Amino acid sequence: MNHRSMERSTVYFTDFHATFEENLLQKLARLVRAAGIETIDFQNRFAAIKLHFGEPGNLAYLRPNYAKVLADVVKSCGGRPFLTDCNTLYVGRRKNALDHLDAAYENGFNPFATGCQVIVGDGLKGTDETLVPIDGEYVKEAKIGRAVMDADILITLNHFKVHECTGIGGALKNIGMGCGSRAGKMEMHSSGKPYVEQETCISCGACRKNCAHSAISFVERKAKIDHGKCVGCGRCIGVCPVDAVQAAQDEAFDIVNKKISEYTLAVVKDKPHFHVSLVVDVSPYCDCHAENDVPIVPDVGMFASFDPVALDVACADAVNRQTPCEDGALSHALSRGADAGDYFAAIHPATNWRSGIDHAVKLGLGSSEYELIDIG
Numbered sequence: 253m254n255h256r257s258m259e260r261s262t263v264y265f266t267d268f269h270a271t272f273e274e275n276l277l278q279k280l281a282r283l284v285r286a287a288g289i290e291t292i293d294f295q296n297r298f299a300a301i302k303l304h305f306g307e308p309g310n311l312a313y314l315r316p317n318y319a320k321v322l323a324d325v326v327k328s329c330g331g332r333p334f335l336t337d338c339n340t341l342y343v344g345r346r347k348n349a350l351d352h353l354d355a356a357y358e359n360g361f362n363p364f365a366t367g368c369q370v371i372v373g374d375g376l377k378g379t380d381e382t383l384v385p386i387d388g389e390y391v392k393e394a395k396i397g398r399a400v401m402d403a404d405i406l407i408t409l410n411h412f413k414v415h416e417c418t419g420i421g422g423a424l425k426n427i428g429m430g431c432g433s434r435a436g437k438m439e440m441h442s443s444g445k446p447y448v449e450q451e452t453c454i455s456c457g458a459c460r461k462n463c464a465h466s467a468i469s470f471v472e473r474k475a476k477i478d479h480g481k482c483v484g485c486g487r488c489i490g491v492c493p494v495d496a497v498q499a500a501q502d503e504a505f506d507i508v509n510k511k512i513s514e515y516t517l518a519v520v521k522d523k524p525h526f527h528v529s530l531v532v533d534v535s536p537y538c539d540c541h542a543e544n545d546v547p548i549v550p551d552v553g554m555f556a557s558f559d560p561v562a563l564d565v566a567c568a569d570a571v572n573r574q575t576p577c578e579d580g581a582l583s584h585a586l587s588r589g590a591d592a593g594d595y596f597a598a599i600h601p602a603t604n605w606r607s608g609i610d611h612a613v614k615l616g617l618g619s620s621e622y623e624l625i626d627i628g
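Take any residue in the sequence shown, note its place counting from 1, add 252, and you have its number in the numbering used here.
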């Protein structure tokens, strides 16, 4: 769904109040139907529900019950939903498909709880990708998890939060960074090329075997990457069994945000898409952390839109209107004199979430102007 920057998009909202007649899961189903999800032709089509399964130890990730609501709505429309996320670039419990599935199941995202299958979008080692040509300012060929691109429809379920790199973690972050393969994530995080942590390398040779450009050699039984030959594809990162091969992660935060917007364009440009964000347990860091802090603001509500850009702006605006929670990261930052006009920059001053929004508008991904419809 394309929007020009001067047009206002529609974002639907409901709060977290429940009644004896309607619980929160029923409210979510009513919200997405009011926002128009049933206008999508789901009949016999594969629908990827992209979400973050949460790094085990973190408890701020969305409950799997919410994912089941979306899966049930998709099935009621004749669609074939599955939950998905792509492997991570960093060391953790979600860096390959086996560990990733274990983590997802541990956190409750399994077929028994959600009513649909779980598929890791970029395969066993994060190397199963589709190369998507785009004419971006920074990205010319996005590396997207193959299962995401094979899906006919994209639905996102986003835990809206603060993020230490991008300022906010919402729909654009969930799509752009989240759908990138490990090599794609490296491209977004890094302006350079991967390197090998010599003390971690076990000399197994997997990186050299998978390098198509003869850029990897062994010096004193340790892998070394020749950046003159390396093309930055990131295959070596995906195949290293001990995570000795690392991305530089030296890209400026504003450029990371812009690359995320370009990756988002690669994912959604040729398929129907719909987005849901829950502003709940708004943590000061990404759900990729194996811990979470107290929320920075009270729980706000649930938002839905066909426009991921307007959705992110609406959620950010809603957070910025809240009274900070006592003894949280935000209240501490404000007590030290941080700017109260933008809570996200107050917590992480080096970030500028609006850079990604502005770039997304420029790309035609959506509108920063929106009409908020409260369905009660």
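Beta carbons are placed, not taken as given, at the ideal position from N, Cα and C, and that holds for glycine.
On a predicted model such as this, the values are computed, not experimentally measured, just so you know.
- Message: Is the separation between the beta-carbon of P333 and that of C368 shorter than 7 Å?
- Response: In the sequence shown, the residue the question calls residue 333 occupies position 81. In the sequence shown, the residue the question calls residue 368 occupies position 116. In this structure, C368 lies closer than 7 Å to P333 by Cβ.
- Query: Can you tell me the Cα-Cα spacing of Q295 and S328, whole angstroms?
  - Reply: As a working note, residue 295 is residue 43 in the sequence shown. As a working note, residue 328 is residue 76 in the sequence shown. Taking the straight line from one Cα to the other gives about 9 Å.
- Task: For F412, name the three-state secondary structure that DSSP assigns.
- Result: Within the sequence shown, the letter at position 160 stands for residue 412. It is coil, neither helix nor strand.
- Under 6 Å Cβ to Cβ from S443, same chain only, skipping five residues before and after it: list those, please. Here the question's residue 443 lines up with position 191 in the sequence shown. Same-chain partners within the cutoff: D502, E503.
- Query: S455 by DSSP, collapsed to three states: which one?
  - Reply: To locate residue 455, count along the sequence shown from 1; it is residue 203. In the structure shown, S455 sits in coil (DSSP, three-state: anything other than H, G, I, E or B).
- Task: Can you give me the start and stop residues for the alpha helix (DSSP H) that A518 sits inside?
- Result: Counted from its first residue, the sequence shown places residue 518 at position 266. Residues 505–520.
- Query: Would a C-beta distance cut-off of 7 Å place I427 and V325 closer than the cut-off?
  - Reply: For the purposes of this step, residue 427 is identified with residue 175 of the sequence shown, where counting begins at 1. For the purposes of this step, residue 325 is identified with residue 73 of the sequence shown, where counting begins at 1. No, the Cβ-Cβ distance between I427 and V325 is not below 7 Å.
- Rounded C-alpha distance that separates A475 from A394: Stepping through the sequence shown from its first residue, residue 475 is reached at position 223. Stepping through the sequence shown from its first residue, residue 394 is reached at position 142. Distance from the CA of A475 to the CA of A394, rounded to the nearest whole angstrom, comes to 27 Å.
- Message: Can you tell me whether L311 is helix, strand or coil according to DSSP?
- Response: Against the sequence shown, residue 311 aligns to sequence position 59. Of the three classes helix, strand and coil, the one that applies to L311 here is coil, per DSSP.
- Item | DSSP-derived helix/strand/coil call for F526 | On the sequence shown, residue 526 is found 274 positions in, with the first residue counted as 1. DSSP places F526 in strand when its eight states are reduced to three.
- Going by alpha carbons, who is nearest to G288 out of H527, N572, D495, E621? The residue given as residue 288 occupies position 36 in the sequence shown. Considering only alpha carbons, the answer is H527.
- Query: Leaving out five residues before and five after A464 in sequence, what residues of the same chain have Cβ atoms less than 7 Å from its Cβ?
  - Reply: Within the sequence shown, numbered from 1, the residue matching residue 464 stands at position 212. If we look at A464 and ignore the five residues flanking it on each side, it has no Cβ neighbours.
- Message: Could you tell me the alpha carbon to alpha carbon distance between L233 and S620, rounded to whole angstroms?
- Response: In the structure as shown, the chain begins at 253 and stops at 628. Residue 233 is therefore absent and cannot be evaluated.
- Item | T452 versus E472: straight-line alpha-carbon distance, rounded | Within the sequence shown, the letter at position 200 stands for residue 452. Within the sequence shown, the letter at position 220 stands for residue 472. Whole-angstrom Cα-Cα distance: 14 Å.
- Task: With DSSP collapsed to three states, give me the class of T291.
- Result: Along the sequence shown, read from residue 1 onward, the residue named residue 291 stands at position 39. Secondary structure at T291: helix, using DSSP grouped into helix, strand and coil.
- Message: Quick test of your reading: V414 and Y537, contact by CB under 8 Å. State the CB separation rounded to the nearest angstrom.
- Response: As a position in the sequence shown, residue 414 is number 162, starting the count at 1. As a position in the sequence shown, residue 537 is number 285, starting the count at 1. Correct: roughly 7 Å between the Cβ atoms.
- Given G486 as reference, the closest of L615, Y447, S455 once Cα atoms are compared: In the sequence shown, the residue the question calls residue 486 occupies position 234. G486 has its Cα closest to that of Y447, out of L615, Y447, S455.
- Specify whether the region 553–568 and the region 339–358 touch according to this definition: at least 3 beta carbon pairs, one from each stretch, less than 8 Å apart. no
- How about G330 and A299: are their beta carbons less than 7 Å apart? In the sequence shown, the residue the question calls residue 330 occupies position 78. In the sequence shown, the residue the question calls residue 299 occupies position 47. Taking 7 Å as the Cβ cut-off, G330 and A299 do not qualify as a contacting pair.
- Taking 8 Å as the threshold, find out whether the region 420–439 comes into contact with the region 507–519 through three or more Cβ pairs. Contact between the region 420–439 and the region 507–519 is present, because at least three Cβ pairs lie under 8 Å.
- Query: Helix, strand or coil: how does DSSP classify S607 here?
  - Reply: Translated into the one-based positions of the sequence shown, residue 607 becomes position 355. Three-state DSSP puts S607 in a helix.
- Inter-stretch contact (C-beta, 8 Å, three-pair minimum) for the region 608–624 and the region 561–570: yes
- Item | Pick from R573, D539, Q450 that is closest to D551, judged by C-alpha positions | Against the sequence shown, residue 551 aligns to sequence position 299. Checking every option, the nearest Cα to that of D551 belongs to R573.
- Which word fits H600, buried or exposed, when buried means at least 16 other C-beta atoms lie within 10 angstroms of its C-beta? Position 348 of the sequence shown, counted from the first residue, corresponds to residue 600. It is buried - the Cβ of H600 has at least 16 other Cβ atoms within 10 Å.
- Task: Determine the direct distance from the alpha carbon of I489 to that of H479, and round the result to whole angstroms.
- Result: The sequence position of residue 479 within the sequence shown is 227, counting from 1. The sequence position of residue 489 within the sequence shown is 237, counting from 1. Approximately 14 Å between the Cα atoms of the pair.
- Query: So, helix, strand or coil for E393, using DSSP?
  - Reply: Stepping through the sequence shown from its first residue, residue 393 is reached at position 141. Three-state result, E393: strand.
- Which parts of the region 473–506 are runs of the beta strand (DSSP E), unbroken and 3 residues or longer, counting only runs that do not cross its ends? 474–477
- Query: Under 7 Å between the Cβ atoms of G553 and F364?
  - Reply: Residue mapping note: residue 553 aligns to position 301 of the sequence shown, counting from 1. Residue mapping note: residue 364 aligns to position 112 of the sequence shown, counting from 1. In this structure, F364 does not lie closer than 7 Å to G553 by Cβ.
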